[in-house]
Amino acid sequence: EAFHVLEDRVHMTGYSQGGFMTWRFLCNRSEIFGSVAPMGAGTRCLDESFPENPVDILYGHGTTDGLVSFSSSVPVREWIQEGYALNEGVLLAGDSEYEWTRFEGADGTIFEFMQWDWETPFALGSQPLRAHCFPGSGLFLGCGADNPVHWGEVVVEFFRSHPRQ
């Protein structure tokens, strides 16, 4: 109330550890979000429950992620598809280096999953991060400013398009 927040416009995004935190907030406080956009982090609710309230999700994960294995995204996608009773999905965009798929539930809940092969040259100590990176950025932890997808822009547009229902 003090900050005059539009309650139907509360969203959360996070990368890596911030992505894990985004999932945890979704699991524990789904009633406050319009949508969430975790990236480079694959986890389910810690107690194997499912978020009480439907929340639209944009989830991104690099296929050659050197820090958080892409294989961790597979059970998360299946968990969301099953929990929200989503359709088989439709490819929104893609080429030989990325795929962006939208799944939709009968109640209108949206889950979009983006995977990419682009990589960053950065390493965390001796650990190459590879696809643990931001598509569309040539800056630190970016994996290419010339990519057809700019993660930050996609997230902001997703948030604008998915207020809390």
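Residue numbers for the sequence shown follow this note's numbering, beginning at 5 and rising by one.
We treat Cβ as the ideally placed atom computed from N, Cα and C, and that holds for glycine.
Runs of the alpha helix (DSSP H) lying entirely within the stretch 55-133, each at least 4 residues long, are 77-87 in chain order. In the three-state DSSP reduction, G18 falls in the strand class (E or B). Here DSSP, grouped into helix, strand and coil, assigns F162 to helix. By the Cβ neighbour-count rule, L50 is exposed, with fewer than 16 other Cβ atoms within 10 Å of its own.
At a Cβ-Cβ threshold of 9 Å, G98 and D69 do not count as neighbours. A residue is called buried when at least 16 other Cβ atoms come within 10 angstroms of its Cβ; F74 meets this threshold and is buried. Per the C-alpha coordinates, the member of G109, G112, A135 and R106 positioned closest to W120 is A135. Distance check between W155 and each of G129, W122, L95 and A6 places W122 closest, using alpha-carbon atoms only. Put simply, the backbone Cα of F163 is about 16 Å away from that of Y19. The residues I84, F107, E108, G109, T113 and F115, in chain order, have a CB closer than 8 Å to that of L90 in the same chain once the five nearest residues on each side in sequence are set aside. Straight across, the Cα-Cα distance linking V14 with R33 is about 11 Å. No residue range can be given for V153, since it is assigned to no beta strand (DSSP E) and is classified by DSSP as neither H nor E. The shortest CA-to-CA distance from G129 to any of C31, S141, G23 and L71 is the one to L71. Under the three-state reduction of DSSP output, S141 falls in the coil class, being neither helix nor strand. Pairing G66 with E52, the inter-Cα distance amounts to about 25 Å. Measuring C-alpha to C-alpha distances from V160 to each of I61, L96 and C147 identifies I61 as the nearest.
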